[in-house]
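K.L.:
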Amino acid sequence: MNKLCRTIVSLSLFLSGLVSSAQNLTGPFRQIEHDAQQANLLVPSDEAAINHSTEAYSMPSAGSSFALAQPAYKKPRVLDSKFFLMNGLHLGFAALDVGLTQHCIATHRCREGNPLMPSSLAGQAAVDSALIGASAFISYRLKKQDRKWWWFSPAIGIGSHAAGAVTGFMYQ
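In our numbering, the protein residues as written are 3 to 174.
Here it is in structure tokens:
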């Protein structure tokens with residue numbers, strides 16, 4: 003444990019030294035101005051403040067105004083509460099469906115209705131995990147492309163597993 007602690011401390015000291023040395027670097031002012039404009043910061047809009055004299059940057063004149071640079075395109079937020087709700091419901095209904103089906107099979111009251119689905123717990127969990135992963139990937143890609151139907155793939159899974167859970171409750 004001592005070797006591990008010493009290694010972690012030495013790595014953290016080394017990395018903090020790299021960070022502090024990078025903060026002390028001086029770059030060309032034109033590159034800093036370009037980066038500030040790229041970052042959508044407040045940029046002076048008059049000609050006097052843009053020239054590179056030292057008095058122009060000390061204090062803006064009374065007549066100068068500042069313009070806010072607008073972003074050209076705002077990327078859609080993909081991983082939000084709606085995405086996690088839909089895919090979480092899909093995962094939850096799949097787990098409920100598998101659990102109720104396994105309970106029903108164990109008590110010999112029913113059998114698996116889907117001929118493509120294995121009847122063992124490991125087989126059902128593996129197939130459902132693959133289907134849930136594919137559905138989440140499809141909905142992620144559609145939501146990232148800002149498509150309106152991104153929720154359709156998990157909704158199909160929610161519906162099919164809800165039907166399986168209902169039949170599992172009926173046969174208990």
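Glycine included, C-beta positions come from ideal geometry on N, C-alpha and C.
Is the beta carbon of residue 159 less than 8 Å from the beta carbon of residue 133?
P.N.:
The sequence position of residue 159 within the sequence shown is 157, counting from 1. The sequence position of residue 133 within the sequence shown is 131, counting from 1. Yes, the Cβ-Cβ distance between residue 159 and residue 133 is below 8 Å.
K.L.:
Please determine, among 173, 107 and 139, the residue with the shortest C-alpha to C-alpha distance to residue 122.
P.N.:
Here the question's residue 122 lines up with position 120 in the sequence shown. Ranking 173, 107 and 139 by Cα distance to residue 122 puts 107 first.
K.L.:
When you compare only the Cα positions, how much space is there between residue 164 and residue 155?
P.N.:
In the sequence shown, the residue the question calls residue 164 occupies position 162. In the sequence shown, the residue the question calls residue 155 occupies position 153. Each residue's alpha carbon lies about 14 Å from the other.
K.L.:
Give me the Cα-Cα distance between residue 105 and residue 125, rounded to the nearest whole angstrom.
P.N.:
Counting from one through the sequence shown, the residue named residue 105 turns up at place 103. Counting from one through the sequence shown, the residue named residue 125 turns up at place 123. Answer to the nearest angstrom: the Cα atoms are 15 Å apart.
K.L.:
Should residue 77 be labelled buried (16 or more other beta-carbon atoms within 10 Å of its own) or exposed?
P.N.:
Locating residue 77 in the sequence shown gives position 75, where the first residue counts as 1. So residue 77 counts as exposed.
K.L.:
Taking DSSP as the reference, what is the three-state secondary structure of residue 99?
P.N.:
For the purposes of this step, residue 99 is taken as residue 97 along the sequence shown, with counting starting at 1. Residue state, collapsed to three classes: helix.
K.L.:
Counting only the same chain and skipping the five closest in sequence on each side, list residues whose C-beta sits under 8 Å from that of residue 115.
P.N.:
Locating residue 115 in the sequence shown gives position 113, counting from the first residue. Excluding positions up to five away in sequence, the list reads 166 and 169.
K.L.:
Looking at the structure shown, is residue 74 part of a helix, part of a strand, or coil, going by DSSP?
P.N.:
Counted from its first residue, the sequence shown places residue 74 at position 72. Of the three classes helix, strand and coil, the one that applies to residue 74 here is coil, per DSSP.
K.L.:
Out of curiosity, what's the CA-to-CA distance linking residue 80 and residue 140?
P.N.:
One-based indexing of the sequence shown puts residue 80 at position 78. One-based indexing of the sequence shown puts residue 140 at position 138. Going from the Cα of residue 80 to the Cα of residue 140 covers about 12 Å.
K.L.:
Using the C-alpha atoms, what's the distance from residue 83 back to residue 91?
P.N.:
Start at 1 with the first residue of the sequence shown, and residue 91 comes out as number 89. Start at 1 with the first residue of the sequence shown, and residue 83 comes out as number 81. Whole-angstrom Cα-Cα distance: 12 Å.
K.L.:
Alpha carbon to alpha carbon, what distance is there between residue 173 and residue 137?
P.N.:
Sequence index remark: in the sequence shown, residue 137 carries index 135 (1-based). Sequence index remark: in the sequence shown, residue 173 carries index 171 (1-based). When rounded, the distance between both Cα atoms is 28 Å.
K.L.:
Candidates 98, 129, 146 and 135: which alpha carbon is nearest residue 117's?
P.N.:
Position 115 of the sequence shown, counted from the start, is the residue given in the question as residue 117. Residue 129 is the option with its Cα nearest to residue 117.
K.L.:
Can you give the Cα-Cα distance for residue 162 and residue 135, rounded to whole angstroms?
P.N.:
Sequence index remark: in the sequence shown, residue 162 carries index 160 (1-based). Sequence index remark: in the sequence shown, residue 135 carries index 133 (1-based). For residue 162 and residue 135, the distance between alpha carbons rounds to 16 Å.
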